[in-house]
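In what follows, a single structure is set out as structure tokens and then discussed.
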Amino acid sequence: MPRFYQDKGYYEAKVSHDLTVDDKEGLVTANIQISEGEPIRVAQISVDIVDAPELKTELQALLPKLPLREGEIFAVDAYQRTESQLKEFFYDKSRAAITIQRKAEVILDRHAANVSYVLNAGPETQFGATTVEGLKDVEQSIVLQELTYKPGESFSGAALRTTEKNLRELDLFSLIVIEPQPSPPDTVVPVKIRLEEKPPREIKVGLGYGTEEQLRGQVRWRNNNWLGGARRLEVGVKASF
Numbered sequence: 001m002p003r004f005y006q007d008k009g010y011y012e013a014k015v016s017h018d019l020t021v022d023d024k025e026g027l028v029t030a031n032i033q034i035s036e037g038e039p040i041r042v043a044q045i046s047v048d049i050v051d052a053p054e055l056k057t058e059l060q061a062l063l064p065k066l067p068l069r070e071g072e073i074f075a076v077d078a079y080q081r082t083e084s085q086l087k088e089f090f091y092d093k094s095r096a097a098i099t100i101q102r103k104a105e106v107i108l109d110r111h112a113a114n115v116s117y118v119l120n121a122g123p124e125t126q127f128g129a130t131t132v133e134g135l136k137d138v139e140q141s142i143v144l145q146e147l148t149y150k151p152g153e154s155f156s157g158a159a160l161r162t163t164e165k166n167l168r169e170l171d172l173f174s175l176i177v178i179e180p181q182p183s184p185p186d187t188v189v190p191v192k193i194r195l196e197e198k199p200p201r202e203i204k205v206g207l208g209y210g211t212e213e214q215l216r217g218q219v220r221w222r223n224n225n226w227l228g229g230a231r232r233l234e235v236g237v238k239a240s241f
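According to the numbering used here, the sequence shown is numbered sequentially starting from 1.
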């Protein structure tokens, strides 16, 4: 539990407990007391880009929109999401080989954190070949036709996000992970797509009550990949009493 509070920015949180035993009922009750203490706040954020000086102005405009901001509580989640959003910014500038070194210095006696991100944008890159992993019943062609980029085109984070959206809308997968595979100094970046398929068939049962129909219900059976090709077949039955 102390680690949970640390991740939320409360490094001085104290947790204590005591137990109450009821011998007659055979029960033990745990009473937990939590003192959060004063949170750690972000005193300073520095974002330095080693190369690509032409992107500095746009990068500076992005900083106020990032999850981690000066004056706010230093939370690990915001610290990590800020790195992810910085990476997306460079992906949208065709810089798939972006590397980020992050550092957080927590000063407990001042309840402050100094955070830094050092960025190396790398060269502009292009899409390479795409490989797909994890398919069982779904044809690979179904996945590939949802790609919004082609080999040789400028690398684009927006194209990857749209591709992920397209794959989710197929409703065939429980897991979708799209991973660029940069290998500097090569500027051609392959892409790996990892998928986990949903069960192809599902049954949904619904019950309700209305003043006119009284009790009503429905059963729906759906096949998300009927006869292949991502065809969807749905059969439903409704009844009221």
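For each residue, glycine too, the CB sits at the ideal point set by N, CA and C.
Take the Cβ of Ala97 as the centre, count every other Cβ of all protein chains shown within 10 Å, and call the residue buried at 16 or more, exposed below.
In the sequence shown, residue 97 corresponds to position 97, counting from 1. It counts as buried.
Taking the alpha carbon of Val106 as the reference point, which residue from Phe4, Val42 and Leu147 has its own alpha carbon closest?
In the sequence shown, the residue the question calls residue 106 occupies position 106. Ranking Phe4, Val42 and Leu147 by Cα distance to Val106 puts Val42 first.
If contacts are defined as beta-carbon pairs under 8 Å, then Ile176 and Val132 qualify, I think. What distance do you get, rounded to the angstrom?
Here residue 176 is taken as the residue at index 176 of the sequence shown, counted from 1. Here residue 132 is taken as the residue at index 132 of the sequence shown, counted from 1. That pair is no contact at about 11 Å.
Which of helix, strand or coil DSSP assigns to Pro190
Your numbering for residue 190 matches position 190 in the sequence shown. For Pro190, the secondary structure class from DSSP, reduced to helix, strand or coil, is strand.
Would the stretch 69-82 and the stretch 8-21 be scored as touching if the rule is three or more Cβ pairs under 8 Å?
Yes: at least three Cβ pairs fall under 8 Å.
What residue range is occupied by the uninterrupted beta strand (DSSP E) comprising Leu175?
Counting from 1 along the sequence shown, the entry for residue 175 is found at position 175. Segment Phe173 to Pro180, the beta strand (DSSP E) holding Leu175.
Give the single residue among Leu63, Glu70 and Gly71 whose Cα lies nearest to the Cα of Ser84.
Translated into the one-based positions of the sequence shown, residue 84 becomes position 84. With distances taken between Cα atoms, Ser84 lies closest to Leu63.
So what's Val76 in DSSP terms, helix, strand or just coil?
Along the sequence shown, read from residue 1 onward, the residue named residue 76 stands at position 76. Helix, per DSSP.
DSSP three-state label for Ser46, please.
Taking the sequence shown and counting its residues from 1, one reaches residue 46 at position 46. Ser46 falls in the strand class under three-state DSSP.
Output the distance between the C-alpha atoms of Phe155 and Ala113, rounded to the nearest integer angstrom.
Here residue 155 is taken as the residue at index 155 of the sequence shown, counted from 1. Here residue 113 is taken as the residue at index 113 of the sequence shown, counted from 1. Computed Cα separation, rounded: 35 Å.
Would you give the residue range spanned by the beta strand (DSSP E) that Leu119 belongs to?
Counting from 1 along the sequence shown, the entry for residue 119 is found at position 119. Per DSSP, Leu119 belongs to the beta strand (DSSP E) from Ala112 to Asn120.
Give the DSSP bridge partners of Lys14, in chain order.
On the sequence shown, residue 14 is found 14 positions in, with the first residue counted as 1. Paired residues: Ser35.
From which residue to which residue does the beta strand (DSSP E) around Thr99 run?
Translated into the one-based positions of the sequence shown, residue 99 becomes position 99. Element bounds for Thr99: Thr99 to Ile107.
I need the DSSP call for Leu135, collapsed to helix, strand or coil.
Within the sequence shown, the letter at position 135 stands for residue 135. Under the three-state reduction of DSSP, Leu135 is assigned to coil, being neither helix nor strand.
Who are the near neighbours of Lys93 in its chain, counting only those whose CB is closer than 7 Å to its CB and skipping five residues on each side?
Here the question's residue 93 lines up with position 93 in the sequence shown. Once the five neighbours on either side are set aside, the close Cβ partners of Lys93 are Leu55.
From Leu160 to Ile178, what distance separates their C-alpha atoms?
To locate residue 160, count along the sequence shown from 1; it is residue 160. To locate residue 178, count along the sequence shown from 1; it is residue 178. Distance between the alpha carbons of Leu160 and Ile178: 7 Å.
If you measure from the CB of Val188, is any heavy atom of the ligand ATP nearer than 7 Å?
Because no ligand of any kind appears in the structure shown, any question about the ligand ATP cannot be addressed here.
Candidates Leu167, Glu38 and Leu119: closest to Ser141 by CA position:
The count along the sequence shown starts at 1 and reaches residue 141 at position 141. Cα-wise, what sits closest to Ser141 is Leu167.
Output yes or no for whether 8 Å exceeds the beta carbon distance between Ile34 and Val15.
Sequence index remark: in the sequence shown, residue 34 carries index 34 (1-based). Sequence index remark: in the sequence shown, residue 15 carries index 15 (1-based). Yes, they are a contact pair.
Endpoints, the alpha helix (DSSP H) within which Gly157 is located:
Here residue 157 refers to the residue found at position 157 of the sequence shown. Run containing Gly157: Gly157 to Glu169, per the alpha helix (DSSP H) assignment.
8 Å contact criterion, which Ala104 and Val115 should meet: CB distance rounded
As a position in the sequence shown, residue 104 is number 104, starting the count at 1. As a position in the sequence shown, residue 115 is number 115, starting the count at 1. With 8 Å as the limit, Ala104 and Val115 qualify as a contact, their Cβ atoms being about 5 Å apart.
Whole angstroms is fine: what's the gap from Arg3's alpha carbon to Ile45's?
Taking the first residue of the sequence shown as position 1, residue 3 is located at position 3. Taking the first residue of the sequence shown as position 1, residue 45 is located at position 45. Looking at the two C-alpha atoms, the distance is approximately 23 Å.
Do Glu139 and Phe173 have their beta-carbon atoms positioned less than 8 Å apart in this structure?
Stepping through the sequence shown from its first residue, residue 173 is reached at position 173. Stepping through the sequence shown from its first residue, residue 139 is reached at position 139. Cβ atoms of Phe173 and Glu139: not closer than 8 Å.
When you compare each of Gln181, His17 and Thr57 to Ile32 by their alpha carbons, which one comes out closest?
Counting from one through the sequence shown, the residue named residue 32 turns up at place 32. Selection Gln181, His17 and Thr57 evaluated against Ile32 yields His17 as nearest (Cα-Cα).
For the alpha helix (DSSP H) that Glu124 lies in, which residues bound it at each end?
Residue mapping note: residue 124 aligns to position 124 of the sequence shown, counting from 1. No alpha helix (DSSP H) contains Glu124, which DSSP labels as neither H nor E.
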